[in-house]
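Here the structure comes first, spelled out in structure tokens, and everything after it is commentary.
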Amino acid sequence: MDAAEQISQLAYWLKCEKEEDLRQYQAWILPMPLAEKRKKGFLWHPLRILHQGFSVGDHGRLTLERTRDQGADHVFRAGNPVRLTALSGDREGPFLLGVIHFVREDTMQIIFSASWLPDWVHGASLAVLPEFDGKSYREMEFALRTLRGTLHGPVQILKDIFFGIRQPVCTPQNIPLTQSHLNISQQEAVAHILAARELALVHGPPGTGKTTTLVSAVSSVVAEEGQVLVCAPSNTAVDLLVSRLAAMNLQVVRLGNISRVDEEILKHTLDYQIANLGEAKPIAAMRREADNLRRKAEKLEVNGNPAALKKRRVLLREATHLSDWGNQLEKKLVGLILDRAQVIACTLVGAAHTLLTGRTFRTVFIDEASQALEPATWIPILKSSKVVLCGDPFQLPPTVKSTEALRAGFGITLMDRMLAHGHAPAMLCIQYRGNERIMGFSNRYFYGDRLSASDSVRDRKLPFPDDSPLIFIDTAGAGFEERSETGTGSYCNEGEFALLREQLYRLQDTKEPEEVPAFPQAVILSPYKGQVAYIEREIAGDSRLANLALRVKTIDGFQGQESDLILISLVRSNLTGEIGFLKDYRRFNVALTRGRSQVVVVGDRVTLGRDPFFEAFFQYCEENGDYRTAWDYMA
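Heads up: the sequence shown is residues 51 to 685, going by my numbering.
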């Protein structure tokens, strides 16, 4: 299959994914009653306006606070498209479409495409609801069309490499490995990046310092090239890179939406940097005046009154003139800021930002490349002539909603494909997160026994007597069967949580207060949302657990994070040996590698052990950990 056919195939899979995503939105979220949307976190209402202003590009901006359900869980995240609407009872009124710039506790900032916000925004009972994300699909579709039409230049060379037509060139350089804060494998990864002419791959298993290595490589490349583009699939990953790059004293500009609302990130956003230029004050004044003129024009009664109509036109013309003038001045300031930046950072889709139109980069760094849909990855690649892909193909892949596209291979990333084609990555080999025995099974099964634990963590344990860093609790024969939740398709297992609760009680009872003043940071993980919801309800009603710093997350939602103590409920327990999406062993790898000092896994060996992967894990626990049964907790 040639490149054109492969691109057409990608475009078809993307079409299937878009249609399925839209179908789910229209069938599930859109018709959901408002009361249910509120209960499930799909609605913020009522809202109070905290601030109104303008963002770069003369886009209207509102900062809103919810005055009901404060602290309740919700689905809104930075970068999500939303609908701001006026509610009257259970009916929606006029609305505006926007994108969440950030969410902090009960505060949300939304940026709208229009500069002028209508008067109803200030007098209505406001609500925010999710909107279908068509823009991301449009940007990915455009990237594939551009890729298909490219026949010459650097992008054509990259296209030939990624579609298997030519081999990338690597020119080893005599670069002394002098970065003392990096270990040997990290230094070799940086050298590999510098030696690559078009493509470099960096494989960073959990806890091996991938971000540290990437930041050092960016610093080295900036010294040679002056400016680079740094991207990742999520705002969270981009913000982590921004904070680490800024700590290296690099000039960083963060484009797009942000997951963290703190000074460390805010001061690198384009809005912040423009606002702190003295030349920006006249621009803000022009936009405020233009907004006032539009409001005056809107309030004029023009029916049958030629003079009023003429006055409205004059006011609107003057408002447009002020806006255009302000936009021209701002465009010059934006150009100056971007020109002097050493690093421009954004999400993959954010690389399609109009502010980057016409800008090219010698090198683009893409972090978490094994979690990125291929069409999204092409968006920043089209602006470069050299690509550095960093990630771990043995952690969770990108989410694909279309069953047809998933089965056909849409979940295979560019990094996966390059590795499958035999392109050797630079692999980071020393992990700094967890005890050697916690690491051991993943090291054996996924990483070819190439990892070693740093001396600083090799024997890390919880400060409790006689407790292994790795514990498996077998529920076989205890009658703890899974239960399917009506209407959600998810599963829960009450008995498994009962065992995890007993394990937490044991730790509380054996803790020596004088030696351990605080209970260790602990997280309960499960592959199923139904189990997470059940455990959260149980903890809320348990006074002994409610006071602990205890979090409950899905495995997918905790990727990229870590904790001292990880407790994993695998849930599946049935007579047929059905284990669902636990068949994707990467999910278990993510869960297992989150723990620093101890990991406790509870599951049914009879059900799960029919699968060779899980049976191998149970045998590993017998040999290298602590193998227990449910009966040990039921005395």
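Quick reminder that beta carbons are idealized off the backbone N, C-alpha and C, glycines included.
Here the structure is a predicted model, which means the values were calculated and not measured.
What is the C-beta distance between Asp-169 and Glu-418, in whole angstroms, given that I count them as a contact (C-beta under 8 Å)? About 43 Å separates the two Cβ atoms, so there is no contact after all.
Excluding the 5 residues flanking Ala-568 on each side, which residues of the same chain have their C-beta closer than 6 Å to its C-beta? Within the same chain, no residue comes within 6 Å of Ala-568 by CB-CB distance, once the 5 residues on both sides are set aside.
Kindly indicate which residue of Leu-114, Gly-354, Arg-344 has the alpha-carbon position closest to the one of Arg-362. Arg-344
Counting C-beta neighbours from all protein chains within 10 Å, is the total for Arg-304 16 or more, i.e. buried, or is it exposed? buried
DSSP three-state assignment for Phe-663, whether helix, strand or coil: helix
Quick one: using the 10 Å Cβ neighbour count with 16 as the cut-off for buried, is Pro-447 buried or exposed? buried
Closest Cβ-Cβ distance between Arg-304 and chain D: below 9 Å? Structure shown: chain D not included; a single protein chain is present.
Leu-520 classed as buried or exposed, judged by whether at least 16 other C-beta atoms fall within 10 angstroms: With 16 or more other Cβ atoms within 10 Å, it is buried.
So, for Leu-134: in the same chain, excluding its five sequence neighbours on each side, which residues have a beta-carbon less than 7 Å away from its beta-carbon? Phe-145, Leu-146, Gly-148, Ile-160, Leu-176, Val-178
So, at 7 Å on beta carbons, what are the nonlocal neighbours of Gly-675 in its own chain, with the 5 sequence-adjacent residues on each side left out? Arg-487, Ser-518, Leu-520, Ile-521, Phe-522
Report the residue ranges of all alpha helix (DSSP H) runs contained in full by the stretch 588-639; include only those spanning at least 4 residues, in chain order. 593-596
In terms of residue numbering, what span does the alpha helix (DSSP H) encompassing Thr-427 cover? In the DSSP assignment, Thr-427 falls within the alpha helix (DSSP H) that extends over 424-431.
Cβ distance (whole Å) where Glu-742 is taken to contact Arg-483 below 8 Å: The question about residue 742 has no answer, for the chain in this structure spans 51 to 685.
Tell me which residue opens and which closes the alpha helix (DSSP H) that Met-489 is part of. In the DSSP assignment, Met-489 falls within the alpha helix (DSSP H) that extends over 486-495.
What is the rounded straight-line gap between the Cα of Leu-388 and the Cα of Gly-306? Looking at the backbone, the Cα of Leu-388 and that of Gly-306 are separated by about 14 Å.
With contact counted as at least three CB pairs below 8 Å, one residue from each stretch, are the stretch 420-431 and the stretch 276-284 in contact? When Cβ pairs closer than 8 Å are counted between the two stretches, the stretch 420-431 is seen to touch the stretch 276-284, the count reaching three or more.
Which runs of the beta strand (DSSP E) at least 3 residues long sit entirely within the stretch 270-317? Give them in chain order. 278-282, 302-304
Could you tell me the distance, in whole angstroms, from the CA atom of Glu-313 to the CA atom of Thr-157? 16 Å
Out of curiosity, what's the CA-to-CA distance linking Glu-531 and Ser-619? 12 Å
Would Ser-623 pass as a contact of Val-602 if the rule is Cβ separation under 9 Å? no
Is it buried or exposed for Ser-163, if we count other Cβ within 10 angstroms and need 16 for buried? exposed
When you compare only the Cα positions, how much space is there between Thr-410 and Ala-245? 20 Å
Quick one, which of Ala-503, Leu-84, Val-292, Arg-390 has its alpha-carbon nearest Glu-275's? Arg-390
Are the CB atoms of Arg-556 and Ile-605 nearer to each other than 9 Å? Taking 9 Å as the Cβ cut-off, Arg-556 and Ile-605 do not qualify as a contacting pair.
Using a Cβ-Cβ cut-off of 6 Å (strictly less than) and excluding sequence neighbours within five positions of Cys-220, which residues of its own chain qualify? Excluding positions up to five away in sequence, the list reads Ala-245, Ala-246.
Classify Pro-475: buried if its beta carbon has 16 or more other beta carbons within 10 angstroms, exposed otherwise. buried
Short check: CB of Val-205 to CB of Ser-435, under 9 Å? Going by beta carbons, Val-205 and Ser-435 fall inside the 9 Å limit.
Just to confirm, are Glu-189 and Ala-455 a CB contact at a threshold of 9 Å? Not a contact, by the Cβ cut-off of 9 Å.
Exposure of Trp-681, with buried meaning 16 or more beta-carbon neighbours within 10 Å: exposed
Three Cβ pairs or more, each shorter than 8 Å: is that satisfied between the stretch 125-134 and the stretch 178-187? yes
For Ser-534, tell me which candidate among Leu-469, Ala-174, Tyr-584 has the shortest Cα-Cα distance. Tyr-584
Expressed to the nearest angstrom, what Euclidean distance is found between the alpha-carbon atoms of Glu-238 and Arg-646? If I take the Cα positions, the gap works out to 26 Å.
Check Pro-570 in the structure and name its three-state DSSP category. In this structure, Pro-570 counts as coil in the three-state DSSP scheme.
Simplified DSSP assignment, three categories, for Met-465: helix
Glu-552 - DSSP class collapsed to helix/strand/coil: Helix, per DSSP.
Secondary structure of Arg-73, DSSP reduced to three states: helix
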